[in-house]
Structure formats: structure tokens, C-alpha cells
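Going by numbering that gives the first Met the number 0, the first residue of the sequence shown is number 0, and it counts up by one from there.
To keep things clear, I will list the structure first and then write my remarks on it.
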Amino acid sequence: MKNMRLTITAGLILALLTLPAAAGDFEDGQKFFANKDYARAVESLTKAAEQGNVKAQLQLGIRYHIGLAITRDYQQAVYWYLKAAEQGSASAQLQLGGMYDDGMGVTQDYQQALTWYLKAAEQGNAVGQIKLGNMYTHGKGVMQDYIEAHKWFSLADANGHEGGSKNRKLVEKHMTSVQIDEAKQRVSEWTAEHSPALQKVAE
């Protein structure tokens, strides 16, 4: 569990570092954080977030989540993750799903976790696809369904997530050959339906 938390924290910090810059208050906030002027940094970042800047909303969520240069506050993290998630940020949708999954800043709710993981997964987020596969594997927030789990693990594998292949092999131990073929068919159908849309996002 400790190693998992360290991995999550490292991933969130990486997400912060790779957020693209934007003009105005968001950019000012980055400069203030770099100069360790945290009060002005939070002020600028919050102003940008309140004006609808999705990058600022996501960054505030992450910072409140892990307590990076801000006092850790899970409820504030949820608040800002939700703002960004509603604007279509797959990263925010993934993190919001995790907050519901773990009951951090909100009452634990596996169905809500499933909803947000699905939104992230549908946008091609590999971690969201893994999370969704796990939900179907263990019947969390949804009826246990190894076929759907296999589908999402396969999509994550195709998306470059090393856990995709490993988890798919594990669920295959509980599946018949007919079920595995059905899962593969679902992958083909999903890919045909979503690839053009995902290509547009990438562009």
C-alpha cells in the first residue's frame, strides 16, 4: 500500500510538471510556485481556475490532493477535480474516480468511481482503462464481468500500459474460450467506434 501511494504521488507530480503553460494568471501562478511565493501562487492559480482554466483547475486538484506547496485538503481536491472533469479533462476524471474509489474527500461510492473512470477510459486514458478493468474484475460498482474486464485490459495494453497484458492474463483464467473471443470482438468494435474521435483529440 505504501509503495502504491508513492507511485500515485509520483504520477501526480509528473502530471504537474507536464501541464502545458498558459497565459495570464495560470502562468503567473507557475512563476510564483517556482519562486516559492506560495501565497501569491495559490492566489493566481485559484483566480485562473475560477475563470474556467482547466489546467489551473487540474493543478489545484493535484496540489490539494498531495499537499504540494498547499495544505492537503481532499475536499478541495475533489472540488477542483470535478470542475476540470466536467470540462472534459481525462486526467481529472481519472483522479476524481480515484477519490470516490478510495473515499477521499467524499463518501466512498464505487458507482461514482466507475462513472468517472469510464469517462477517462473512453477518452483513451490507459490508467482509466486499467481502473475500469479492475472494477469489472472485482464487481465494484457494477456486476462482475470478466468479458468487459478483459476488453478494458486489452485496450490499456494496446494503449501502452504494462499492466494491461498482465491483468488480461489473470482474468483469462476465469474465462472460457468463447468469452475470450467475445471480449476480443468488443475490443474491435470499441476501437472502430472510438479511434477517429481519439485521433481528433490527438491532433
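Backbone N, C-alpha and C define an ideal beta-carbon position, used for all residues, glycine too.
Quantities reported herein were computed from a predicted structural model and do not represent experimental measurements.
Item: Roughly how many angstroms separate the alpha carbons of G138 and Q178, rounded to a whole number?; Value: 17 Å
Item: Using a threshold of 8 Å, state whether the C-beta atoms of A89 and N52 are closer than that.; Value: no
Item: Give the secondary structure of A33 by DSSP, where H, G and I count as helix, E and B as strand, and everything else as coil.; Value: helix
Item: Give the range of the alpha helix (DSSP H) segment to which D144 is assigned.; Value: Careful: D144 lies outside any alpha helix (DSSP H) and carries neither H nor E.
Item: Suppose you measure from the CA of K183 to the CA of T45; what does that come to, to the nearest Å?; Value: 45 Å
Item: Can you find the residues in the same chain that come closer than 6 Å, C-beta to C-beta, to K150, ignoring five residues on each side of it along the sequence?; Value: A182, R185, V186
Item: Flag this pair as touching only if the region 112 to 121 and the region 55 to 74 have three or more C-beta atom pairs under 8 Å; answer yes or no.; Value: no
Item: Would you grab the beta carbon distance between H173 and Y145 for me? Rounded to a whole angstrom, and I think it's under 8 Å.; Value: 5 Å
Item: Below 8 Å CB to CB, which residues in the same chain sit around D24 once its five sequence neighbours on both sides are set aside?; Value: S43, L44, K46, A47, Q50, N52, A55
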